[in-house]
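>
There are 2 protein chains.
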Amino acid sequence: MHENLLAYINQHIASPLTSEEEALIVATFRPKKLRKKQYFLQEGDVCKYAGFIVKGAMRQYSVDDKGVEHIVHLFIENYWANDRESATMLTPSKYNIDAWEDTEMLIVTRAEMLDLMEKIPALVQMTRVMDERNAIANQRRLSSTISNTAEKRYEEFATHHPQFIQRFPQHLIASFLGITKETLSRIRKQGTK
Amino acid sequence: MHENLLAYINQHIASPLTSEEEALIVATFRPKKLRKKQYFLQEGDVCKYAGFIVKGAMRQYSVDDKGVEHIVHLFIENYWANDRESATMLTPSKYNIDAWEDTEMLIVTRAEMLDLMEKIPALVQMTRVMDERNAIANQRRLSSTISNTAEKRYEEFATHHPQFIQRFPQHLIASFLGITKETLSRIRKQGTK
DNA sequence: AAAAACCGTTGACATATATCAACGGTTTTT
DNA sequence: AAAAACCGTTGATATATGTCAACGGTTTTT
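Now the structure itself:
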């Protein structure tokens, strides 16, 4: 169960974890299983955990006045699910995170993670690498959203993230791209001609 | 000149810098003046410097096939200008960063910054705080772009960032929001009625 | 002082995307 | 096995936003 997490961490740091460090990580991250549709975080709650996805698929979304869901993130294996704003500032989250498939996670509280980072310097490094990648990915997505048409955005997404296309239904992809399912359907139809 | 930077750093860390640390920082960050319209980073170049803005205003933007500029960031005093993707991966940047007003910066190379971070742990902490805030701000912007109409996006921006409204012309704000200047003009007109 | 560039606004019109409703084919729940 | 929920598609229409062109008032450059 924890092997995926350890492998993930080792891939993101310079020199591998010692076995003591690995033991400490295994002892700290707790397994958590979610059934399909089960909430990991619900709007209004403070985000207490960061969760590493070992197996499964999840989504993060807000719900507007009209009850429409807006997908802000999609997660699969080897992704981290949490709401940083809520977790950092201890404010109620504006988002829901739930399981799209039955999912197995490894979770820690923020305090536990900070504690681990003090004891294992490599985790600080890993966090920095992750933040960096995350910042880059967000920048790209933002830039794409501002500059491109829906069609280009879909093409870009489909080429860079084919796993998501296979894993999630079209209406979620559409929402993630900021368009309706009907528009995405028409874009795809047109694209194949 | 460097006081603003030192004050900025001290505001973002737990215990203040020692005078040796301050001296090291002052010795490393070099002043750089840019005249209005002068490039700090030009598309196709690798981003070599991170720059802290002491005085002035800048913008970061891409230019599409049709020659249209898309503003991805606006900067004023106490902001950091750089293209992380290019600086981290050493790839040619897709963006331009230039001075909108005459600007005074303090710049360092990535290597110098990493070196400083090794010698001054507080800077690691500062970077983490900055990354965190940056991630939160990006998340909000992304969420807003996906979920809201242009009108709501403008309202949100205007209430959260009044300094920018005063400092930059409307057509730049419009581009930053991902709409045309004409649309923003009409939104504003309508909003005042 | 004149010329040029810049800026915000407005009108007419074009286009992209959303909305609403309906359908048939799946898959899931009962 | 039947019922319900889910999913993608299509058509008709509405709405938001973009495009193009022009204008007058600034500010900047010559």
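If you're matching them up, the sequences are chains A and B in order.
Mind the numbering: the first sequence is residues 1 to 193 in UniProt numbering, read in order.
Mind the numbering: the second sequence is residues 1 to 193 in UniProt numbering, read in order.
Cβ coordinates follow ideal geometry from the N, Cα and C atoms, glycine included.
#1: So what does F52 (chain B) bridge to, in DSSP terms?
#2: Against S147 (chain A), what residues of chain B qualify as contacts under a CB-to-CB distance less than 7 Å, listed in chain order?
#3: Compute the distance between the beta-carbons of K37 (chain A) and D98 (chain A), then report whether it is under 8 Å.
#4: On the criterion of 16 or more Cβ atoms from any shown chain inside 10 Å, does P16 (chain B) qualify as buried, or is it exposed?
#5: Based on the DSSP output, what are the partners of F75 (chain B) in its beta bridges?
#6: Is it true that the region 126 to 141 of chain A meets the region 72 to 79 of chain A, where meeting means three or more beta-carbon pairs spaced less than 8 Å apart?
#7: When you check each C-beta in the region 140 to 167 of chain B against every C-beta of chain A, which residues fall closer than 9 Å?
#8: For E77 (chain B), go through chain A and note every residue whose CB falls closer than 7 Å to its CB, in chain order.
#9: In this structure, does DSSP put K32 (chain A) in helix, strand or coil?
#10: Grab the span of the beta strand (DSSP E) containing Y39 (chain A) for me, first residue to last.
#11: Counting only beta-carbon atoms, is R59 (chain A) nearer than 8 Å to chain B?
#12: Taking the Cβ atom as the reference point for each residue, do Y8 (chain A) and S62 (chain A) lie within a distance shorter than 8 Å?
#13: Just checking, does the region 108 to 118 of chain B make contact with the region 46 to 54 of chain B on the three C-beta pairs under 8 Å criterion?
#14: For L172 (chain A), which residues of its own chain have a beta-carbon under 8 Å away from its beta-carbon, when the five flanking residues on both sides are left out?
#15: Which residues in chain B sit within 9 Å of I136 (chain A), going by Cβ to Cβ distance?
#16: Is A27 (chain B) buried or exposed, if buried means 16 or more other CB atoms sit within 10 Å of its CB?
#17: Applying the criterion that 16 or more other CB atoms from any shown protein chain within 10 Å of the CB defines a buried residue, is I165 (chain A) buried or exposed?
#18: Go ahead and label G56 (chain B) buried or exposed: buried means 16 or more other beta carbons lie within 10 angstroms of its beta carbon, across all protein chains shown.
#19: Looking at Q170 (chain A): is its Cβ nearer than 8 Å to the Cβ of K181 (chain A)?
#20: Considering only residues of the region 133 to 187 of chain B, which uninterrupted alpha helix (DSSP H) runs meet the minimum length of 4 residues and lie entirely inside it, listed in chain order?
#21: Does G44 (chain B) get closer than 8 Å to chain A when you measure Cβ to Cβ?
#22: If distances are taken between C-alpha atoms only, which option among B:L24, B:Y154, B:R167, B:H160 comes closest to residue 220 (chain B)?
#23: Quick one, which residues of the region 108 to 132 of chain A are near chain B if we go by CB-CB under 8 Å, in chain order?
#24: Quick one: grab the DSSP three-state call for A99 (chain A).
#25: For a test of the three-state rule: what should DSSP assign to V63 (chain B), helix, strand or coil?
#26: Classify V26 (chain B) as helix, strand or coil using the three-state DSSP reduction.
#27: Output yes if chain A places a C-beta closer than 8 Å to the C-beta of G178 (chain B); else output no.
#28: Keeping to the same chain, check which residues put their C-beta closer than 8 Å to that of E156 (chain B); ignore five residues upstream and five downstream.
#29: Sort out for me which residues DSSP pairs H2 (chain B) with in a bridge.
#30: Whose CA, out of A:Q163, A:E118, A:M113, A:D102, lies closest to the CA of K32 (chain A)?
#31: Determine the burial state of M105 (chain B): buried for a count of at least 16 other Cβ atoms within 10 Å of its Cβ, exposed for fewer.
#32: If we ignore side chains and look at the alpha-carbon of each, how far apart do L123 (chain A) and F176 (chain B) end up?
#33: Could you tell me if V54 (chain A) is buried or exposed, where buried requires 16 or more neighbouring beta carbons within 10 angstroms of its beta carbon?
A quick look at the data gives this:
#1: Along the second sequence, read from residue 1 onward, the residue named residue 52 (chain B) stands at position 52. Paired residue(s): B:W80, B:L106.
#2: Here residue 147 (chain A) refers to the residue found at position 147 when the first sequence is read from its first residue. Within chain B, the residues near S147 (chain A) are S62, D64, H70.
#3: In the first sequence, residue 37 (chain A) corresponds to position 37, counting from 1. In the first sequence, residue 98 (chain A) corresponds to position 98, counting from 1. Closer than 8 Å, so yes.
#4: As a first step, residue 16 (chain B) must be located in the second sequence, where it is residue number 16. Exposed, by the Cβ-count rule.
#5: Your numbering for residue 75 (chain B) matches position 75 in the second sequence. Note: F75 (chain B) sits in a beta bridge opposite B:M58.
#6: no
#7: R140, R141, L142, S143, T145, I146, S147, N148
#8: By one-based count along the second sequence, residue 77 (chain B) stands at place 77. Near E77 (chain B) there are no residues of chain A at all, since even the closest Cβ is about 22 Å away, more than 7 Å.
#9: Looking up residue 32 (chain A) in the first sequence gives position 32. The answer is strand: DSSP assigns K32 (chain A) an E or B state.
#10: In the first sequence, residue 39 (chain A) corresponds to position 39, counting from 1. Segment 39 to 41, the beta strand (DSSP E) holding Y39 (chain A).
#11: The count along the first sequence starts at 1 and reaches residue 59 (chain A) at position 59. Not closer than 8 Å to any Cβ of chain B, the Cβ of R59 (chain A) fails to qualify, so no.
#12: As a working note, residue 8 (chain A) is residue 8 in the first sequence. As a working note, residue 62 (chain A) is residue 62 in the first sequence. No, the pair does not count as a contact, with Cβ atoms beyond the cut-off.
#13: yes
#14: Here residue 172 (chain A) corresponds to residue number 172 of the first sequence, with the count starting at 1. These residues qualify, in order along the chain: R59, I71, L74, W100.
#15: Reading the first sequence from its first residue, position 136 is the one you call residue 136 (chain A). Residues of chain B passing the Cβ test: R84, E85, T88, M89.
#16: Numbered from its first residue, the second sequence carries residue 27 (chain B) at position 27. It counts as exposed.
#17: Position 165 of the first sequence, counting from 1, holds the residue named residue 165 (chain A). Result: exposed.
#18: Residue 56 (chain B) sits at position 56 when you count from the first residue of the second sequence. Result: buried.
#19: As a working mapping, residue 170 (chain A) is identified with position 170 in the first sequence. As a working mapping, residue 181 (chain A) is identified with position 181 in the first sequence. Cβ atoms of Q170 (chain A) and K181 (chain A): closer than 8 Å.
#20: 150 to 160, 162 to 167, 170 to 177
#21: For the purposes of this step, residue 44 (chain B) is taken as residue 44 along the second sequence, with counting starting at 1. Chain A, which has no Cβ nearer than 8 Å to the Cβ of G44 (chain B), makes this no.
#22: The question about residue 220 (chain B) has no answer, for chain B in this structure spans 1 to 193.
#23: V124, T127, R128, D131, E132
#24: Start at 1 with the first residue of the first sequence, and residue 99 (chain A) comes out as number 99. Note: A99 (chain A) maps to strand in three-state DSSP.
#25: Position 63 of the second sequence, counting from 1, holds the residue named residue 63 (chain B). Looking at V63 (chain B) - three-state DSSP - the assignment turns out to be strand.
#26: Residue numbering aside, residue 26 (chain B) sits at position 26 when the second sequence is read from its first letter. V26 (chain B) falls in the helix class under three-state DSSP.
#27: The sequence position of residue 178 (chain B) within the second sequence is 178, counting from 1. So, interface residue.
#28: On the second sequence, position 156 is the one that residue 156 (chain B) refers to. Excluding positions up to five away in sequence, the list reads S144, N148.
#29: Sequence index remark: in the second sequence, residue 2 (chain B) carries index 2 (1-based). Partner(s): none; H2 (chain B) has no beta bridge.
#30: Sequence index remark: in the first sequence, residue 32 (chain A) carries index 32 (1-based). The option with the nearest alpha carbon to K32 (chain A) is A:D102.
#31: As a working note, residue 105 (chain B) is residue 105 in the second sequence. It is buried - the Cβ of M105 (chain B) has at least 16 other Cβ atoms within 10 Å.
#32: Along the first sequence, read from residue 1 onward, the residue named residue 123 (chain A) stands at position 123. Along the second sequence, read from residue 1 onward, the residue named residue 176 (chain B) stands at position 176. Distance between the alpha carbons of L123 (chain A) and F176 (chain B) is about 35 Å.
#33: If you number the first sequence from 1, residue 54 (chain A) lands on position 54. With 16 or more other Cβ atoms within 10 Å, it is buried.
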